Structures are given as C-alpha cells and as structure tokens.
Amino acid sequence: MKFSIIIPNWNGKKLLEKNLPKVLETGADEVIIADDGSKDGSVEFIKEKFPQIKVFSHKRLGFAKNCNRAVKRAQGDIIILLNNDVLPNKDFLNPLRFDFQDQKLFAVSFNEPQFSWAEAKWEKGFIHHNPGEKTKQKHISFWASGGSAAFRKDLWEKLSGFDNLYSPFYWEDVDLSYRAWKRGFRIIWDPQAIVNHKHEGTIGTNFSKKYIDFISQRNQLLFIWKNITDFRMFTEHKIYLWKKIIKEPGFIKPFLAALIKIPKVLIRRIKESKESKVSDKEIFSLFS
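Quick note on numbering that gives the first Met the number 0: the sequence shown kicks off at 0 and runs consecutively.
Here it is as structure tokens:
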C-alpha cells in the first residue's frame with residue numbers, strides 16, 4: 000500500500016514554509032504540491048528548498064480540477080488530501096494501513112482537534128450537518144473532508160473525482176463522499192489519524208464571508224438537485240425551497256445562481272439515478 004500526499008496550493012508560500020517539514024516526516028511514499036497558478040513564488044520556493052517534493056503547476060483551474068489533475072498523476076494507491084494549513088502527526092499514516100484493508104472503504108476522514116466525524120440529517124427539505132460527538136472508536140462519517148482525508152485512488156477515478164459543478168469551492172467533498180455511499184461504499188472517521196488543522200488557508204483569507212455564504216447556499220442546492228433522487232424527499236425539498244425563498248429574500252440570489260446550472264445538474268442527476276445502489280433514506284438513516 001503506497002501513500003501519496005497531495006497539497007493543493009494557491010499563494011500559500013508562507014504556510015508551506017511552515018508546514019512542509021512536518022509533512023515530510025510522515026514517511027509518505029510521495030508528496031505532491033498541486034499549485035493552482037500561484038503568484039507568490041510558491042513554486043520556486045518549493046523547488047529550491049524541497050527538491051524531493053513533486054510540483055505540478057499550471058494556470059488557475061480551481062480547487063476541484065486542481066485536485067483531480069494531481070490525483071491522476073499520483074503514484075499511490077491511497078491519496079491523502081491535505082490543505083496547506085494542516086499539520087499531520089508523524090505517525091498518522093499507521094492507522095490507515097489497517098483501515099484500507101476493508102475493500103468497501105472509500106475514504107478516511109482525519110481527527111482534527113476542532114472536529115470529528117460528520118453527521119447529517121434531512122429536515123424540512125434541506126441537509127443539516129455538524130460534527131458528531133467525539134469517540135475513542137472509529138465512526139462512520141457522512142463525508143470525508145477535501146482538505147483532511149485519505150481516499151482510495153481507484154474508486155476516486157471510477158467516481159470521476161471532485162465535480163467542478165461546485166466551483167470555486169465547497170460541497171465537492173460532500174458530493175464525492177455521498178456518491179460513494181450511494182454505490183455501496185463506506186466512509187469513516189479514525190480518531191487515531193491525527194492532524195492539526197490551523198484553518199489559516201486560502202478561502203478565508205481571499206474571499207469575503209458574504210461571498211462564502213452565497214457559494215455555500217448555492218452549492219447545497221446543486222447537491223440536492225443532483226443527488227437526492229428519492230421522490231418524497233425531493234418533493235419535500237421543493238415545498239420548503241419555495242417557503243425559504245418567500246421568507247428569506249436574500250436566498251433568491253443563490254437560488255438563481257444554482258438555477259442557471261440546471262442543464263448540467265440534470266445530466267448528472269440521470270447518471271446518479273442509474274448508478275445508485277443505496278437509497279437516500281438508507282444513507283440518512285445511518286446518522287439519525
């Protein structure tokens with residue numbers, strides 16, 4: 000079993016300078032920087048200071064495409080995505096060697112101090128999620144974080160990786176995880192795979208809170224329209240969607256932004272309907 004650590008980067012030179020030494024101590028088979036058009040000297044810095052690290056650089060593609068491109072070129076059986084503000088424990092790979100012996104396991108989400116496994120519930124036509132209560136045992140997780148998790152490469156490629164529908168960010172990791180669940184695979188959180196996520200990364204420092212909230216609301220709609228194929232659940236969503244639009248005028252903007260993408264969503268929805276083996280209700284029942 001070989002591990003490839005992929006660190007997506009966009010103008011994160013200062014974070015890489017601080018965190019890369021700890022990443023190299025983990026003993027991963029390869030470390031890759033997937034640089035998404037940085038203009039702060041990140042690429043030149045890595046090539047000079049860390050020649051053992053592979054650098055894949057290109058013009059700006061966005062998070063999803065950047066990750067997918069790096070995964071395709073990675074050599075490992077297990078792909079580890081780490082944000083450039085994540086510090087892994089030296090031995091965090093050890094529990095993964097046991098976890099991935101389960102051939103039905105798609106991904107393992109890491110144990111961050113602030114978070115645990117992801118729980119989710121379907122309520123009034125929308126998805127509500129938050130960190131579950133921390134335990135000393137492994138626990139199933141609704142999704143694996145795109146900035147702090149390990150993924151089985153062959154299944155990632157079979158699922159076509161992150162969907163660029165959600166560009167520029169948010170919900171692409173939830174979407175990929177949910178598609179794996181619907182095809183009969185599992186996702187867990189392992190308390191022994193410890194990392195320290197500083198949350199100093201790209202999104203919060205480069206985009207306003209207002210814009211981040213807008214994208215998050217838009218992308219939840221895209222996720223639901225694409226993936227929730229249960230007739231009753233989707234009917235409930237449509238009822239409460241209109242109520243939300245009427246009660247919250249500010250929600251009209253993300254709704255219209257999602258609506259523009261309907262042609263692309265419908266193509267994907269047809270595919271999900273055909274390939275799903277596990278129902279939406281079955282998945283949500285695991286976390287109720």
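From the three backbone atoms N, C-alpha and C, an ideal C-beta is built for every residue, glycine too. Just so we're clear, the structure is a prediction, and the values are computed from it rather than from any experiment.
What are the start and end residues of the beta strand (DSSP E) that includes Glu-122? By 1-based counting over the sequence shown, the position of residue 122 is 123. 117-122 is the extent of the beta strand (DSSP E) around Glu-122.
Between which two residues does the beta strand (DSSP E) carrying Asp-35 extend? For the purposes of this step, residue 35 is identified with residue 36 of the sequence shown, where counting begins at 1. Its beta strand (DSSP E) spans residues 29-35.
Counted within 10 angstroms of its Cβ, other Cβ atoms place Ser-278 as buried (16 or more) or exposed: Locating residue 278 in the sequence shown gives position 279, where the first residue counts as 1. By the neighbour-count rule (16 or more Cβ atoms within 10 Å), Ser-278 is not buried but exposed.
Leaving out the 5 sequence neighbours to the left and right, which residues in its chain are closer than 6 Å to Asn-88 when beta-carbon positions are compared? Counting from 1 along the sequence shown, the entry for residue 88 is found at position 89. Within the same chain, Asn-88 has close Cβ partners Ile-193.
Considering only residues of the region 158-209, which uninterrupted alpha helix (DSSP H) runs meet the minimum length of 4 residues and lie entirely inside it, listed in chain order? 171-181 and 201-205
Three-state secondary structure (DSSP) at Arg-59? Locating residue 59 in the sequence shown gives position 60, where the first residue counts as 1. Coil.
With 16 other CB atoms within 10 Å as the buried threshold, where does Gly-40 fall? Along the sequence shown, one-based indexing puts residue 40 at 41. So Gly-40 ends up on the exposed side.
For the pair the region 142-157 and the region 63-78, tell me if three or more CB-CB distances fall below 8 Å. yes
Using a Cβ-Cβ cutoff of less than 8 Å, which residues in the same chain neighbour Ile-147 once the five nearest sequence positions on both sides are dropped? Along the sequence shown, read from residue 1 onward, the residue named residue 147 stands at position 148. It is Ser, not Ile, that sits at residue 147 in the sequence shown. Cβ neighbours of Ser-147 beyond the five flanking positions: Leu-80, Leu-81, Asn-82, Val-85, Ser-108, Phe-109, Glu-111, Val-194 and His-196.
Coarse secondary structure for Ala-106, derived from DSSP in three states: Locating residue 106 in the sequence shown gives position 107, where the first residue counts as 1. In this structure, Ala-106 counts as strand in the three-state DSSP scheme.
Can you tell me which residues form a DSSP beta bridge with Pro-248? The residue labelled residue 248 in the question sits at position 249 within the sequence shown. Note: Pro-248 sits in no beta bridge, so no partner.
Which residue's Cα is closest to the Cα of Met-0: Ser-272, Ile-238 and Phe-150? As a first step, residue 0 must be located in the sequence shown, where it is residue number 1. Nearest of Ser-272, Ile-238 and Phe-150 to Met-0, Cα basis: Phe-150.
Below 8 Å on the Cβ atoms is my guess for Thr-228 versus Ser-272; work out the distance and round it to an integer in Å. By 1-based counting over the sequence shown, the position of residue 228 is 229. By 1-based counting over the sequence shown, the position of residue 272 is 273. With a Cβ gap of about 5 Å, Thr-228 and Ser-272 count as contacting.
Exposed or buried, which one is His-236 when buried takes at least 16 other CB atoms within 10 Å? Walking along the sequence shown from the start, residue 236 turns up at place 237. Flag for His-236 reads buried.
With which residues is Ala-149 paired in a DSSP beta bridge? Counting from 1 along the sequence shown, the entry for residue 149 is found at position 150. BP columns for Ala-149 point to Ile-79 and Val-107.
Nearest-angstrom Cα separation, counted from Lys-137 out to Phe-97: Within the sequence shown, numbered from 1, the residue matching residue 97 stands at position 98. Within the sequence shown, numbered from 1, the residue matching residue 137 stands at position 138. Cα-Cα distance, rounded: 12 Å.
Span separating the alpha-carbon of Lys-276 from that of Ile-282: Looking up residue 276 in the sequence shown gives position 277. Looking up residue 282 in the sequence shown gives position 283. About 11 Å.
Classify Phe-91: buried if its beta carbon has 16 or more other beta carbons within 10 angstroms, exposed otherwise. Here residue 91 is taken as the residue at index 92 of the sequence shown, counted from 1. Buried: at least 16 other Cβ atoms inside 10 Å.
Between Leu-104 and Arg-217, is the Cβ-Cβ spacing less than 8 Å? The residue given as residue 104 occupies position 105 in the sequence shown. The residue given as residue 217 occupies position 218 in the sequence shown. No.
Considering only their Cβ atoms, is the gap separating Ile-31 from Ile-5 smaller than 8 Å? Here residue 5 corresponds to residue number 6 of the sequence shown, with the count starting at 1. Here residue 31 corresponds to residue number 32 of the sequence shown, with the count starting at 1. Yes, the pair counts as a contact, with Cβ atoms nearer than the cut-off.
Looking at Trp-170 and Phe-206, is the spacing between their C-beta atoms short of 8 Å? Looking up residue 206 in the sequence shown gives position 207. Looking up residue 170 in the sequence shown gives position 171. In this structure, Trp-170 does not lie closer than 8 Å to Phe-206 by Cβ.
What is the rounded straight-line gap between the Cα of Lys-38 and the Cα of Ser-287? The residue labelled residue 38 in the question sits at position 39 within the sequence shown. The residue labelled residue 287 in the question sits at position 288 within the sequence shown. Roughly 46 Å separates the two Cα atoms.
Cβ-Cβ distance between Ser-144 and Asp-162 below 8 Å: Position 145 of the sequence shown holds residue 144. Position 163 of the sequence shown holds residue 162. Not in contact: Ser-144 and Asp-162 (Cβ atoms no closer than 8 Å).
Enumerate in chain order the residues of its own chain whose CB-to-CB distance from Ser-176 is below 6 Å, with the five nearest sequence positions on each side excluded. Walking along the sequence shown from the start, residue 176 turns up at place 177. Contacts found: Trp-142, Ala-143 and Ile-186.
Residue environment, Ile-269, which counts as buried when at least 16 other CB atoms sit within 10 Å: Reading the sequence shown from its first residue, position 270 is the one you call residue 269. Flag for Ile-269 reads exposed.
Can you tell which of Lys-120, Glu-29 and Lys-209 has the C-alpha that lies nearest to the C-alpha of Pro-50? Taking the first residue of the sequence shown as position 1, residue 50 is located at position 51. Residue Glu-29 is the option with its Cα nearest to Pro-50.
Would you mind sorting Asn-226 into buried or exposed? The rule is 16 or more other CB atoms within 10 Å of its CB. Counted from its first residue, the sequence shown places residue 226 at position 227. Label assigned to Asn-226: buried.
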